[in-house]
Amino acid sequence: MSIGVVKDVGLLAVKGNNFFELHIKQMSGIAGIVGDVVDLEHCLVAMQRCQKHRGDGEDGYWISSFVDGQLGLSCCSRTVSEVEEFVRQPYVDEDTRLVVMADCDISNYRELRVQLQAKYQFSTESSIEVISKAYCMWGEAFLHRLKGSFVIVIYDKSNDVLLIARDRFGEKPLYYTTHRGVLYFASEIRPIFSSGVISAVSAERWAGYLLYSTYGPDYATFWEGIYQLPAGTLMRCNGYSLIENRWYDLHDEIMNSVESCDVKTVSEIFFQSLEERAERSLSDVSSCGLRVAARVESRLLHSIINRGQHHWKVHAFTSEIESVGRQPIATPVWLTESEIVSELEKMPHWIEEPFDGRETFARIAILRRVHRDGISVLSSGLGLDVLWQELWDVGGLQYNYNRKHDIFSDYLTSMVAAPRHSHYFGGEMDENRYCELCRERMPHILRFMSRLSAEVDVSMRMPFLDSDLVVLAFVMPVVLRRNRSSIFRDCVASHHSCHVSGECGASTLPMWMQGTVKEWINDSISDLCRGVLRLWFDVASMEHFRSKFNDGCQCDEQLLWKCVSLHQMLNACRRF
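Numbered by this note's numbering, the letters in the sequence shown go through residues 2 to 577 in order.
Structure representation (structure tokens):
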């Protein structure tokens, strides 16, 4: 059996029995192979070991014949709190003749279960069984009923088809490749390489990132031949071909909602929804961390939580000097020079795409502190700032390099053209906002945070990155015929007594770029100039750039971290 890719854009061997405990799954490491593979079981175990950090306890795998080849599925899950009944995955549902596994955090699975109980009997209290029954009841349309983040894998024995679906904004990761006619997929990229696929960085994707700060098409990764399933996409595998179709399209949802929104209640519905999502995200955990920064998203999330019934569960942390001692009171957290170097040394063991310098280390500091304090979940207001800010930060937080920097060679420039995005809206700001959410910055952050949270052992929740809220945020300025920022400020003033700033607070990280950190960065740049990718750089300009950094002169910090990211990815490639 040989599988070809079509783009639109049994034997049971489970270690241990299906059993349950009262827990909710926050993270899983899923993996699968479809095709003719020698010693399929050995490959599955190897893939599973590479993402052991995403699960705990015994691991399960499931193998069966599929068309004229084999299908192997494996999953390891992590459990962190006391609500949902836990079942070992892959979950074999004899009633529906489905095999299901998922990396999911579905907030409305109990409501769906109530709807399904009229037709089906349940043997567990898990969301995995709800997924199985929901697919049997509504077919592929069941995806539209799910609220939350998920990657779902379903093998439908009756129709001999494998389905893989990803949530609306891609909060949960899924990567895949086809190698010698065999499909490999996993929650992370490293397990795919462990199965025998050769690792190589993608020159084209790196050229686009270094020159234009773009993360590429929604299916692209920074590794040659490795793809990600785009957000809101369903992939079908029948043993011979892969067909991808969008099951969710944000633009269509926005356009449809413009016609149906009630002008009088749209603002009230939006802020009521913000509060409901924030409360729901805390309802099934005993404690939760919250990063407090100067930007709009964390301040508003903290204000909403403070007014709710779960406010006592939240522990606030900050990595910004300006926020220490101010309201809301937050525990200060940052890394020392030696800790920064230690994190840089660890990165090649887990990094899979570029990182963002100071912001990355701020996140690492918070996540590690949250974990040390025994807190297993960190809540984030991520997404709200993209929805509401009027002016983009042109200092490097967004893809804005539409010119060739002197340190890059003509050879690198010839590899890729400047990015061109489709125009979805009449205004440039909404077009940028849409690209930020669906094409560029936000998908990158979500992928990186998923990998980082797995490494640090803390699960992430983003209550504001909800499809209904996102749609309303685009619709409100059109329906109300008002400036986006003025609508937002009026709503905040009437609902929450908190000062909201769109400015990004200063970080302690510039102070960290001294001493051993500066030496480490210098060595990385020198390695690039002498290494296998030296043709990508103009060596004389690169040396001048490095000299300015050494002398303490003002230099492009984002460009500096791009070079360090590339160096780290090369080190990661050598370790695969």
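Where a beta carbon is used, it is the ideal one built from N, C-alpha and C, also for glycine.
With contacts defined by Cβ atoms closer than 8 Å, D94 and S133 form a contacting pair. In terms of CA proximity to E112, S127 leads the group W389, V88 and S127. Out of L163, E260 and D253, the CA that lies nearest to the CA of C238 is found in L163. For S299, the three-state secondary structure derived from DSSP is helix. Judged by their CB atoms, D386 and R247 are not nearer to each other than the 8 Å cut-off. Taking all protein chains shown into account, G140 has fewer than 16 neighbouring C-beta atoms within 10 Å of its C-beta and is therefore exposed. Secondary structure note for F170: it is in no beta strand (DSSP E), with a DSSP letter that is neither H nor E. With contacts defined as CB atoms closer than 8 Å, P329 and V293 qualify as a contacting pair. Looking at the backbone, the Cα of M477 and that of L275 are separated by about 14 Å. With fewer than 16 other Cβ atoms from the protein chains shown falling within 10 Å of its own Cβ, E346 counts as exposed. DSSP places C262 outside both helix and strand once states are collapsed to three, so it counts as coil. Judged by DSSP secondary structure, Y62 falls outside any alpha helix (DSSP H) and instead within the beta strand (DSSP E) spanning G61 to F67.
Annotated as proximal: F151 and I107, with beta-carbon spacing under 8 Å.
One thing to note: S377 has its Cβ no nearer than 8 Å to the Cβ of L291. Distance check between S343 and each of F318, N523, D411 and T517 places T517 closest, using alpha-carbon atoms only.
In this structure, DSSP gives D285 a state outside helix and strand, which the three-state scheme calls coil. Three or more Cβ pairs closer than 8 Å define a contact, and the region 456-475 meets that threshold against the region 255-264. For P218, the three-state secondary structure derived from DSSP is coil. Distance from the Cα of A119 is smallest, within the candidate group I129, C105 and A135, for A135. Contact annotation, C51 with S195: C-beta distance approximately 5 Å; criterion of less than 8 Å satisfied. Distance between V131 and E172, taken at the CA atoms: about 20 Å. A direct Cα-to-Cα measurement between A208 and L529 gives close to 14 Å. In the DSSP secondary-structure assignment, Q71 is bridged to G36 and S66. Residue pairing by DSSP places N246 opposite L235 in a beta bridge. If the five residues before and after C44 are omitted, its C-beta is found closer than 7 Å to the C-beta atoms of I34, V38 and S196, all from its own chain and listed in chain order. In summary, T319 is buried, with 16 or more beta-carbon neighbours lying within 10 Å of its beta-carbon over all protein chains present. In this structure, the CA atom of V493 is about 47 Å from the CA atom of Y185. Between the alpha carbons of H445 and A32 lies a gap of roughly 21 Å. If you keep only unbroken beta strand (DSSP E) runs of at least 3 residues inside the region 311-375, you get 315-319. Residue environment: N433 is assigned as buried (16 or more neighbouring CB atoms within 10 Å of its CB, all protein chains considered).
The alpha-carbon of W351 is positioned some 47 Å away from that of R482. Secondary structure remark: continuous alpha helix (DSSP H) runs of at least 4 residues inside the region 139-215, in chain order: 191-195 and 204-213.
The region 406-415 makes contact with the region 524-538: 3 or more CB pairs, one atom from each, lie closer than 8 Å. Sequence-distant partners of D458 (beyond 5 residues in either direction) whose C-beta falls short of 6 Å from its own C-beta, in its chain, are H372.
In the three-state reduction of the DSSP assignment, A279 falls in the helix class, which pools H, G and I. Taking C-alpha positions only, S487 is separated from G217 by approximately 33 Å.
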